[in-house]
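In the numbering used here, the protein residues as written are 1434 to 1534.
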């Protein structure tokens, strides 16, 4: 994935879309299936209506799973011990002080 540079000129919605592109795409797919299902309802095409409503539920489920996946990935911590705070500068200073003495 290519991450765009963060700048103050980029609107927040565009920044969110660039960080999590699959969520808005899933929302659009859900909206399309809903619209096509309602259009089939007005045309009294029960077979297509049922198919589109099932696709809508699948698209909603997929979008929700993608959203949960992004939330989990963003909160995932790669540290070995999440409660541990590592201050590299402090460790370097201690090593430098030991070498001087």
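A virtual CB, placed ideally from N, CA and C, is assigned to each residue, including glycine.
Given the structure is predicted, the values throughout are model-derived calculations rather than measurements.
Selection from the options that minimises the alpha carbon distance to residue i
| i | options | result |
| --- | --- | --- |
| residue 1463 | 1489, 1506 and 1530 | 1489 |
| residue 1483 | 1470, 1528 and 1507 | 1470 |
| residue 1486 | 1461, 1458 and 1466 | 1466 |
| residue 1491 | 1460, 1531, 1530 and 1528 | 1460 |
| residue 1457 | 1496, 1472 and 1526 | 1496 |
| residue 1454 | 1502, 1472 and 1530 | 1502 |
DSSP-derived helix/strand/coil call for residue i
| i | result |
| --- | --- |
| residue 1413 | No statement about residue 1413 is possible, as the shown extent of the chain runs from 1434 to 1534 and does not include it. |
| residue 1489 | helix |
ask   = Which runs of the alpha helix (DSSP H) spanning at least 4 residues fall entirely within the region 1453-1483, listed in chain order?
value = 1455-1476
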